[in-house]
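In my numbering, the protein residues as written are 238 to 596. Glycine included, every Cβ here is placed at the ideal spot set by N, Cα and C.
Right, dumping it as structure tokens:
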């Protein structure tokens, strides 16, 4: 985003992984491996310190000692991209990246030219970001902490006018030692949304209903089990998902070209939000039909004979169970083999071991 705005950007990291390595290379952003002070530009206008960096990091210590201008990533995103736009934030435990990508795609296909910042690579765009010239900026709202000098959730810096709360359940045990503290972060986010704004919330998760219980903002609930807008008649195949959306003026059959039963609910959130923003419902339906998904979200990466290899980023027991259940439904009679890598801090603890076994 800063390169698009005319800044010259360089950076340091311990390791760069796909798809970010390709994005950085395409933007000709110079990256230094490791955090040697000698590789830090001395005359920069701004230093952005990511939340992976802790005190004791050589470059961070140099920035502090020399009193150089620095911001967290979340603060920099707000000041240099979101500010001046109507902020739309997609937050919650599951589906954030996909819904953010869907909203950006719908607004783009219907001529709204939104800015956006996604925590993954949407297949419909050349990159996960764009400044845009429209009035709306769409951000994936991460509840993880902002930086070593700011332990609050990143999404609290984005000041939404429009907020989507997807399925909400306890996660990130390293940052939130209790469910109460996890819920409190989302309640604080809800309290930022103005009375003239809008909240779209997943009805089927009790924690989500708790988060918006005291909202001063209009709330539209969606879900399969209840809500103002109901998702029903979900049918899926390897070609995609079809479902019906009824309520809040909706009465449409929608079709997606992406796998995953749960994507019907992701699309419902995106459809409700963009329609409330003023996009005609028929245009929303048409745009969603051309949504091509997100990298590492049930992405087909190879085929060997009649064996297909898929990659998915699911890292919470509920998300993993949903992915496996969708694959079983889409490929009846096929043998399914799951190779699981517990990379997140929460998965490397024993808190989720029982629900993981049930997945």
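Neighbour-count burial assignment, residue i, 16 or more Cβ in a 10 Å radius
i	result
residue 278	exposed
residue 338	buried
residue 576	exposed
residue 563	buried
residue 511	buried
residue 524	buried
residue 379	buried
residue 318	buried
residue 298	exposed
residue 539	exposed
residue 296	buried
residue 573	exposed
residue 544	exposed
residue 383	buried
residue 498	buried
residue 546	exposed
residue 351	buried
residue 365	buried
residue 541	exposed
residue 565	exposed
residue 422	buried
Residue of the options minimising C-alpha distance to residue i
i	options	result
residue 424	412, 405, 410	405
residue 282	303, 298, 307, 447	307
residue 462	439, 318, 412, 593	439
residue 579	566, 570, 557	557
residue 357	421, 553, 332	332
residue 500	477, 344, 396, 360	477
residue 330	252, 266, 409, 396	409
residue 432	396, 345, 255, 441	396
residue 417	445, 434, 430, 441	445
residue 469	529, 490, 343	490
residue 353	309, 487, 322	322
residue 267	254, 245, 255, 274	245
residue 530	574, 355, 429, 251	355
residue 452	458, 459, 464, 430	430
residue 334	535, 567, 571, 259	535
residue 472	495, 465, 458	495
residue 528	345, 407, 377, 293	345
residue 455	388, 290, 398	398
residue 314	514, 522, 238, 517	238
residue 571	518, 593, 374, 475	475
residue 513	493, 486, 310, 303	486
residue 241	290, 518, 369	369
residue 555	520, 342, 567, 593	593
Contacting residues, own chain, Cβ-Cβ under 7 Å from residue i (five flanking each side not counted)
i	result
residue 336	327, 401, 403, 503, 506, 507
residue 312	394
residue 442	404, 405, 406
residue 447	420
Residue i - partner residues in DSSP beta bridges
i	result
residue 460	467
residue 490	481
residue 247	267
residue 353	367, 375
residue 474	477
residue 285	308
residue 359	531
Contacting residues, own chain, Cβ-Cβ under 6 Å from residue i (five flanking each side not counted)
i	result
residue 533	548, 550
residue 284	300, 305, 307
residue 359	338, 531
residue 467	483, 484
residue 248	268
residue 516	347
Chain-order list of residues whose beta-carbon lies under 8 Å from that of residue i (same chain, five-residue window excluded)
i	result
residue 243	none
residue 381	288, 390, 391, 409, 412
Closer than 8 Å to chain C by CB, residue i
i	result
residue 550	Absent from the structure is chain C; it holds one protein chain and no more.
beta-carbon residue i near the ligand MG non-hydrogen atom, thresh 7 Å
i	result
residue 302	Inclusion of the ligand MG in the displayed structure is not the case, the ligand content being empty and no account of it being possible.
Would you mind listing the beta strand (DSSP E) stretches within the stretch 299–336 that are 3+ residues and don't spill past its ends, in chain order? The qualifying runs are 307–309, 323–328.
Exercise. At what residue ranges does the stretch 364–444 contain a whole run of the beta strand (DSSP E), taking only runs of 3 or more?
Worked result: Every beta strand (DSSP E) stretch that sits fully inside the stretch 364–444 and reaches 3 residues is listed by chain position as 373–378, 382–384, 387–390, 399–402, 435–439.
Open item on the list: Please give me, in chain order, every unbroken run of the beta strand (DSSP E) with length at least 3 that falls completely inside the stretch 528–555.
Closed with: Qualifying beta strand (DSSP E) stretches, in chain order: 536–541, 544–548.
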